[in-house]
Amino acid sequence: MAEPEQLVVEAERQAAAAATLDELRAVRVAVSGKRSPLADARKALGGLEPEARRAAGQALNAAMASIDEILTAREAELAAVARAEQLAAERLDLTEVAEHPAHGHLHVVTQTWQELEDVFVGMGYRVAEGPEIESEWYNFGALNFPPGHPARDMYDTLYVDYGEPGTTLLRTHTSPVQARVMEGQAPPVYVVAPGRCFRQDTADATHMPVFHQIEGLVVDRGISLGDLAGTIEAFTAAYFGPGFSSRLRPSYFPFTEPSAEFDIQRPDGTWLELGGCGMVHPKVFEACGIDPEQWQGFAFGFGIDRLALIRFGIDDLRELWTNDVRFLGQF
Ligand code: PHE
């Protein structure tokens with residue numbers, strides 16, 4: 005019959021050898037189960053003299069307690085290992101990324117918009133903004149379009165069902181921001197106002213019912229048409245780079261006098277129509293509470309989307325709205 009101490013030593017050896025909780029369960033059966041040497045030793049107690057039985061019984065009970073302790077300790081160890089392994093397996097590795105992660109970027113219109121702001125901020129302008137839903141007064145009235153004036157027909161206006169019919173509209177250009185800025189601050193004024201505009205246009209390669217413009221407004225003393233032409237030229241060089249130049253062609257807008265269209269000449273000599281401009285009309289100054297005897301100014305406005313087309317060599321405005329990332333991702 006094995007000595008109780010030997011049973012403890014053997015149980016310790018087997019417990020240490022068990023590498024998993026399953027293996028340890030098998031060890032427990034082997035060292036303390038019904039057919040274990042321990043159980044045999046218990047059965048053998050019955051054949052001993054009472055004196056010897058008591059002593060042997062105590063030794064066996066002590067051995068059993070030790071074995072149980074050993075198994076329980078080893079079980080805790082193995083359970084901790086198993087738990088750590090499970091946590092490691094389930095852990096989400098947030099540093100794990102695709103080999104070539106797809107980086108998004110700003111939409112081409114937003115890129116163009118921001119570059120334009122940068123160019124003008126670099127020239128000392130401040131960025132202003134106004135509402136997209138505008139009153140008839142700011143979009144037309146303050147800009148010297150009298151009610152019923154034929155120039156209003158140049159803009160296919162979308163009216164909003166709010167207030168008296170014809171009083172509220174989606175702004176057809178960014179020029180109403182001119183009036184809002186002049187009302188809100190005393191000259192000198194140097195602002196650009198980029199923003200979304202709306203006209204009742206059918207979508208085609210060069211028109212969209214929703215589009216973006218950037219407005220420029222300068223009000224100061226002694227401002228002349230030469231300052232306007234020089235500013236457009238400086239902007240052209242800064243934005244398009246060397247080899248580009250600009251020209252003004254006489255035109256008509258109710259809110260500027262004289263008025264002009266301005267074109268950009270590409271290095272290959274071809275001309276591109278970009279926008280409208282002119283000297284702020286005295287009537288507009290008066291509507292905004294500025295004395296036209298003391299202050300002069302110029303304004304200009306052009307389409308951001310068309311500029312983006314030129315800049316990125318895109319030939320259809322509608323591509324900017326399809327928002328197919330496979331297309332936009334190229335720019
Ligand atoms: N607002 C005009 C348009 O949309 C452009 C313009 C702006 C003309 C400023 C003159 C001065 O057609």
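Going letter by letter, the sequence shown gives residues 5 to 335 in our numbering.
C-beta atoms are modelled at their ideal positions from N, C-alpha and C, and glycine is treated no differently.
Bear in mind the structure is a predicted one, so any value in this text is a computation, not a measurement.
field: Local conformation of Ser70 per DSSP, three classes
entry: Numbered from its first residue, the sequence shown carries residue 70 at position 66. Ser70 falls in the helix class under three-state DSSP.
- prompt: Would a C-beta distance cut-off of 8 Å place Ala264 and Cys292 closer than the cut-off?
  reply: For this step, residue 264 is matched to residue 260 along the sequence shown. For this step, residue 292 is matched to residue 288 along the sequence shown. No, they are not a contact pair.
query: Can you find at least 3 beta carbon pairs, one from the segment 27-41 and one from the segment 65-73, that sit closer than 8 Å?
result: yes
Candidates Thr116, Asp231, Ala233, Gly128: closest to Pro198 by CA position: As a first step, residue 198 is located in the sequence shown; it is residue number 194 there, counting from the start. Its Cα nearest to that of Pro198, the residue Thr116 stands out among Thr116, Asp231, Ala233, Gly128.
- request: May I ask you to report which of helix, strand or coil DSSP gives Leu98?
  value: Position 94 of the sequence shown, counted from the first residue, corresponds to residue 98. When DSSP states are grouped into helix, strand and coil, Leu98 belongs to the coil group.
- prompt: Do Ile218 and Thr240 come within 8 Å of each other at the CB atom, strictly closer than that value?
  reply: Indexing the sequence shown from 1 puts residue 240 at position 236. Indexing the sequence shown from 1 puts residue 218 at position 214. With respect to the 8 Å criterion, Thr240 and Ile218 are not classified as neighbours on the basis of their beta carbons.
query: Skipping 5 residues on each side, what residues in its chain have a beta carbon closer than 8 Å to that of Pro213?
result: Taking the sequence shown and counting its residues from 1, the one referred to as residue 213 is at position 209. Only Leu162, Phe202, Arg203, Gln204, Asp205, Thr206, Ala207 meet the Cβ criterion.
DSSP state of Gln269 mapped onto helix, strand, coil: Along the sequence shown, one-based indexing puts residue 269 at 265. The answer is strand: DSSP assigns Gln269 an E or B state.
- prompt: Fully enclosed by the segment 265-309, which alpha helix (DSSP H) runs are 4 residues long or longer?
  reply: 286-291
- prompt: Taking 7 Å as the line, does the beta carbon of Phe124 fall inside it for any heavy atom of the ligand PHE?
  reply: Here the question's residue 124 lines up with position 120 in the sequence shown. Taken from the Cβ of Phe124, every heavy atom of the ligand PHE lies 7 Å or farther away.
field: Rounded separation between Asp224 and Asp319 - CA only
entry: Counting from one through the sequence shown, the residue named residue 224 turns up at place 220. Counting from one through the sequence shown, the residue named residue 319 turns up at place 315. Cα to Cα, the separation comes out at about 39 Å.
- request: Within its chain, find whatever has a CB closer than 6 Å to the CB of Ala15; leave out the 5 residues flanking it on each side and keep chain order.
  value: For the purposes of this step, residue 15 is taken as residue 11 along the sequence shown, with counting starting at 1. Only Val35, Ile71, Ile74 meet the Cβ criterion.
- request: Please report the residue range of the beta strand (DSSP E) in which Tyr159 lies.
  value: Translated into positions along the sequence shown, residue 159 becomes position 155. Counting along the chain, Tyr159 falls outside any beta strand (DSSP E), and DSSP gives it neither H nor E.
task: Report the rounded CA-to-CA distance for Asp272 versus His111, giving the unit in angstroms.
output: Taking the sequence shown and counting its residues from 1, one reaches residue 272 at position 268. Taking the sequence shown and counting its residues from 1, one reaches residue 111 at position 107. Going by the C-alpha atoms only, they are around 28 Å apart.
message: Would Pro258 and Asn143 qualify as a contact pair, given that the criterion is a beta-carbon distance under 8 Å?
response: In the sequence shown, the residue the question calls residue 258 occupies position 254. In the sequence shown, the residue the question calls residue 143 occupies position 139. Going by C-beta atoms, Pro258 is not nearer than 8 Å to Asn143.
- prompt: Based on Cα-Cα distance, which residue from Leu173, Arg200, Ile227 lies nearest to Tyr194?
  reply: For the purposes of this step, residue 194 is taken as residue 190 along the sequence shown, with counting starting at 1. Closest by alpha carbon: Ile227.
field: Backbone secondary structure at Glu27 - three-state DSSP
entry: Residue 27 sits at position 23 when you count from the first residue of the sequence shown. DSSP places Glu27 in helix when its eight states are reduced to three.
task: Sort Arg184, His216, Ser139, Gly230 by Cα distance to Glu290 and report the nearest one.
output: One-based indexing of the sequence shown puts residue 290 at position 286. It is Arg184.
- prompt: Could you check where the beta strand (DSSP E) with Ile218 kicks off and where it finishes?
  reply: On the sequence shown, position 214 is the one that residue 218 refers to. From DSSP, the beta strand (DSSP E) with Ile218 extends over 214-224.
Inter-residue spacing [alpha-carbon to alpha-carbon] between Arg17 and Glu9: Residue mapping note: residue 17 aligns to position 13 of the sequence shown, counting from 1. Residue mapping note: residue 9 aligns to position 5 of the sequence shown, counting from 1. When the Cα atoms are used, Arg17 and Glu9 turn out to be separated by approximately 12 Å.
Integer-rounded CB distance, given that His216 should sit under 8 Å from Val113: By one-based count along the sequence shown, residue 113 stands at place 109. By one-based count along the sequence shown, residue 216 stands at place 212. Right, their Cβ atoms sit about 6 Å apart.
task: Label Ala48 either buried or exposed according to how many other C-beta atoms from any shown protein chain fall within 10 Å of its C-beta, with 16 as the threshold for buried.
output: Residue numbering aside, residue 48 sits at position 44 when the sequence shown is read from its first letter. Exposed, since its Cβ has fewer than 16 Cβ neighbours within 10 Å.
message: When you compare the segment 122-141 with the segment 167-181, are there three or more beta-carbon pairs, one atom per stretch, that lie closer than 8 Å?
response: yes
message: Is the separation between the beta-carbon of Gly279 and that of Phe304 shorter than 8 Å?
response: On the sequence shown, position 275 is the one that residue 279 refers to. On the sequence shown, position 300 is the one that residue 304 refers to. Yes, the pair counts as a contact, with Cβ atoms nearer than the cut-off.
message: Can you tell me whether Pro180 is helix, strand or coil according to DSSP?
response: Here the question's residue 180 lines up with position 176 in the sequence shown. Looking at Pro180 - three-state DSSP - the assignment turns out to be helix.
Helix, strand or coil at Ile236 [DSSP, three-state]: Taking the sequence shown and counting its residues from 1, one reaches residue 236 at position 232. Looking at Ile236 - three-state DSSP - the assignment turns out to be helix.
query: What is the DSSP secondary structure of Glu81, reduced to helix, strand or coil?
result: Mapped onto the sequence shown, residue 81 falls at position 77. It is helical.
task: Under 6 Å Cβ to Cβ from Val284, same chain only, skipping five residues before and after it: list those, please.
output: Within the sequence shown, numbered from 1, the residue matching residue 284 stands at position 280. Cβ neighbours of Val284 beyond the five flanking positions: Gly301, Ala303.
task: State the Cα-Cα distance for the pair Pro154 and Gln334, rounded to the nearest angstrom.
output: Taking the first residue of the sequence shown as position 1, residue 154 is located at position 150. Taking the first residue of the sequence shown as position 1, residue 334 is located at position 330. Distance between the alpha carbons of Pro154 and Gln334: 43 Å.
field: Sequence-distant residues of the same chain with beta carbon closer than 8 Å to Arg46, five excluded per side
entry: Position 42 of the sequence shown, counted from the first residue, corresponds to residue 46. The residues are Leu64.
task: Take Phe266 as the anchor and find which of Ala93, Ile236, Gly126 has the nearest alpha-carbon.
output: Position 262 of the sequence shown holds residue 266. It is Ile236.
field: Among Leu42, Trp275, Pro105, Asp295, nearest to Ile314 - alpha-carbon criterion
entry: Taking the first residue of the sequence shown as 1, we reach residue 314 at position 310. Nearest of Leu42, Trp275, Pro105, Asp295 to Ile314, Cα basis: Trp275.
field: Buried versus exposed call for Leu311 [16 or more other C-beta atoms within 10 Å across all chains shown]
entry: Translated into the one-based positions of the sequence shown, residue 311 becomes position 307. With 16 or more Cβ atoms within 10 Å of its Cβ, Leu311 is classed as buried.
task: Closer than 6 Å by C-beta to Phe316: which residues in its own chain qualify, once you throw out the five before and the five after it? Chain order, please.
output: The sequence position of residue 316 within the sequence shown is 312, counting from 1. Here the set comprises Val112, Phe335.
Which listed residue (Arg322, Asp44, Arg29, Ala19) has its alpha carbon closest to that of Gly7: Start at 1 with the first residue of the sequence shown, and residue 7 comes out as number 3. Residue identity differs from the one stated: residue 7 is Glu in this sequence, not Gly. Checking every option, the nearest Cα to that of Glu7 belongs to Asp44.
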